[in-house]
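K.L.:
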Amino acid sequence: VQLVESGGGLVQAGGSLRLSCAASRSIFTGNVMVWYRQAPGKQRELVARITSGGYTNYADSVKGRFTISRDNARNTVALQMNSLKPEDTAVYYCGAARLFSRPPDYWGQGTQVTVSA
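Following the numbering used here, the numbering of the sequence shown begins with 499 at its first residue and continues without gaps.
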């Protein structure tokens with residue numbers, strides 16, 4: 499396994515969680531790091547992505563609430579999630595993509611985030 503997520507859990511609506519993803523250097527370096535999520539019965543969707551230079555992009559549903567960041571020295575990417583809503587409940591996946599506009603080439607195993615009303 500070359501992408502390992504951590505930080506998921508159960509939180510009340512309005513609360514915060516911080517997800518982290520540790521990647522092997524060969525996967526991390528130069529690639530776009532992304533967070534996706536998949537809710538029960540729904541397709542996996544892009545949440546946020548960040549290039550090696552720090553350019554970020556967010557899904558409309560999380561803009562202003564979630565922040566993606568990366569530490570190029572430690573090969574980690576994080577997702578700070580604030581003002582969580584029940585509809586944010588999903589399995590969150592870390593990924594690495596060679597190209598900005600393409601789906602990830604590498605995936606983590608996922609971490610569950612549950613937001614109670």
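All residues carry an ideal CB built from backbone N, CA and C; glycine is no exception.
Bear in mind the structure is a predicted one, so any value in this text is a computation, not a measurement.
To which residues of the same chain is GLY606 closer than 8 Å at the C-beta, ignoring the five residues directly before and after it?
P.N.:
Contacts found: VAL499, LEU501, VAL502, GLU503, CYS519, TYR591, CYS592, GLY593.
K.L.:
Within its chain, find whatever has a CB closer than 8 Å to the CB of GLY539; leave out the 5 residues flanking it on each side and keep chain order.
P.N.:
Closer than 8 Å at the Cβ level, and outside the excluded window around GLY539, lies no residue.
K.L.:
What distance in whole Å lies between the Cβ atoms of ARG547 and ASN555, which are believed to be in contact at a cut-off of 8 Å?
P.N.:
Right, their Cβ atoms sit about 5 Å apart.
K.L.:
Hey, how far is the Cα of TYR553 from the Cα of ASN529?
P.N.:
Each residue's Cα considered, the two are about 12 Å apart.
K.L.:
Output the distance between the C-alpha atoms of SER522 and SER559, rounded to the nearest integer angstrom.
P.N.:
Looking at the two C-alpha atoms, the distance is approximately 30 Å.
K.L.:
Assuming SER614 and GLN510 make a contact with CB atoms under 8 Å, what is their CB distance in whole Å?
P.N.:
5 Å between Cβ atoms; contact.
K.L.:
Closest by CA to ARG600, which one among LEU544, ILE525, LEU517?
P.N.:
Of the candidates LEU544, ILE525, LEU517, the one whose C-alpha sits nearest the C-alpha of ARG600 is LEU544.
K.L.:
Buried or exposed for THR527, going by 16 or more other Cβ atoms inside 10 Å?
P.N.:
Looking at its Cβ environment, which holds fewer than 16 other Cβ atoms inside 10 Å, THR527 is exposed.
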